[in-house]
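Student:
Residue numbers (this note's numbering): 10 to 166.
#1: Hey, residue 55 and residue 123 are a contact pair by Cβ (cut 8 Å); roughly how many whole angstroms apart?
#2: So, under 8 Å CB-CB, residue 37 and residue 60 are touching, yes? Tell me the CB distance rounded to an integer number of Å.
#3: I need the boundaries of the beta strand (DSSP E) containing residue 144, first residue and last residue.
#4: Less than 8 Å between the CB atoms is what I'm expecting for residue 81 and residue 24, so what's the real figure, rounded?
#5: If you check the beta carbons only, do residue 101 and residue 57 fall under 8 Å apart?
#6: Kindly give me the distance between the Cβ atoms of residue 144 and residue 121, rounded to whole angstroms, as I take these residues to be in contact under 8 Å.
#7: Just checking my contact of residue 146 with residue 84 at CB under 8 Å: how many whole Å lie between their CB atoms?
#8: Suppose you measure from the CA of residue 150 to the CA of residue 116; what does that come to, to the nearest Å?
#9: Rounded to whole angstroms, what's the CA-CA distance from residue 106 to residue 125? Just pull it up for me.
#10: Curious, which full-length beta strand (DSSP E) runs of at least 3 residues does the region 57 to 118 contain?
#11: Considering only DSSP beta bridges, list what residue 148 is partnered with.
#12: Kindly give me the distance between the Cβ atoms of residue 87 and residue 133, rounded to whole angstroms, as I take these residues to be in contact under 8 Å.
#13: Pull up the distance between the alpha-carbon of residue 137 and that of residue 63, whole angstroms please.
#14: Taking C-beta to C-beta, are residue 187 and residue 35 nearer than 8 Å?
Put into structure tokens, the structure is as follows:
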């Protein structure tokens with residue numbers, strides 16, 4: 010779709026595609042694992058829905074009130090792990106970092122909130138499998154997406 014579009018430096022067509030047309034966004038009604046990662050400072054969150062059969066991620070969706078970086082990373086990550094096993098999903102975190110290239114500190118936190126929500130969904134799945142009556146599992150983020158504004162005199166350094 011974006012093959013003939015001149016990309017801004019540092020932006021690849023796959024990232025732009027996920028930004029313009031996020032994949033797997035929304036609620037998964039038959040999820041057997043639901044996880045939330047919450048940035049208490051900014052109130053940004055990611056909800057991750059997984060449907061697991063044995064160790065295979067049969068379906069996955071996510072939702073967020075976060076920024077475009079969070080949406081892109083959530084979209085790319087869910088596409089990578091869908092219909093794969095949990096071992097692959099654990100390596101997908103590293104693979105997505107390579108795909109995205111050098112990330113700013115804020116983008117790294119956006120990625121971390123997506124991955125944490127995924128891990129929370131796996132914890133919810135395990136807890137329910139072990140008899141817990143848990144609607145979802147919540148992880149509170151240690152790092153915040155909030156950034157300090159750059160002063161004008163620092164912009165050109």
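Ideal placement from N, C-alpha and C gives every residue a C-beta, glycine not left out.
Predicted model, so just to flag it, every value in this text is computed and none were measured.
Tutor: Well, looking at it:
#1: Here residue 55 refers to the residue found at position 46 when the chain shown is read from its first residue. Here residue 123 refers to the residue found at position 114 when the chain shown is read from its first residue. Indeed they touch by this definition, with Cβ atoms about 5 Å apart.
#2: For the purposes of this step, residue 37 is taken as the residue at position 28 of the chain shown. For the purposes of this step, residue 60 is taken as the residue at position 51 of the chain shown. Going by Cβ atoms, the distance from residue 37 to residue 60 rounds to 6 Å, so yes, they are a contact pair.
#3: The count along the chain shown starts at 1 and reaches residue 144 at position 135. Note, residue 144: premise wrong, no beta strand (DSSP E); not H, not E.
#4: By 1-based counting over the chain shown, the position of residue 81 is 72. By 1-based counting over the chain shown, the position of residue 24 is 15. Approximately 6 Å separates the beta-carbon atoms of residue 81 and residue 24; this is inside 8 Å, confirming the contact.
#5: On the chain shown, position 92 is the one that residue 101 refers to. On the chain shown, position 48 is the one that residue 57 refers to. No; because the gap between Cβ atoms is not below 8 Å, this pair is not in contact.
#6: On the chain shown, residue 144 is found 135 positions in, with the first residue counted as 1. On the chain shown, residue 121 is found 112 positions in, with the first residue counted as 1. Going by Cβ atoms, the distance from residue 144 to residue 121 rounds to 23 Å, so no, they are not a contact pair.
#7: Indexing the chain shown from 1 puts residue 146 at position 137. Indexing the chain shown from 1 puts residue 84 at position 75. A Cβ-Cβ separation of about 22 Å leaves residue 146 out of contact with residue 84 under the 8 Å criterion.
#8: Here the question's residue 150 lines up with position 141 in the chain shown. Here the question's residue 116 lines up with position 107 in the chain shown. The straight-line gap from Cα to Cα measures roughly 14 Å.
#9: Taking the first residue of the chain shown as position 1, residue 106 is located at position 97. Taking the first residue of the chain shown as position 1, residue 125 is located at position 116. Going from the Cα of residue 106 to the Cα of residue 125 covers about 15 Å.
#10: 65 to 73
#11: Working through the chain shown from its first residue, we reach residue 148 at position 139. BP columns for residue 148 point to 46.
#12: Along the chain shown, one-based indexing puts residue 87 at 78. Along the chain shown, one-based indexing puts residue 133 at 124. Not really, about 16 Å apart at Cβ, beyond 8 Å.
#13: Within the chain shown, the letter at position 128 stands for residue 137. Within the chain shown, the letter at position 54 stands for residue 63. Residue 137 and residue 63: Cα-Cα distance of roughly 14 Å.
#14: The first residue shown for the chain is 10 and the last is 166, placing residue 187 beyond what the model contains.
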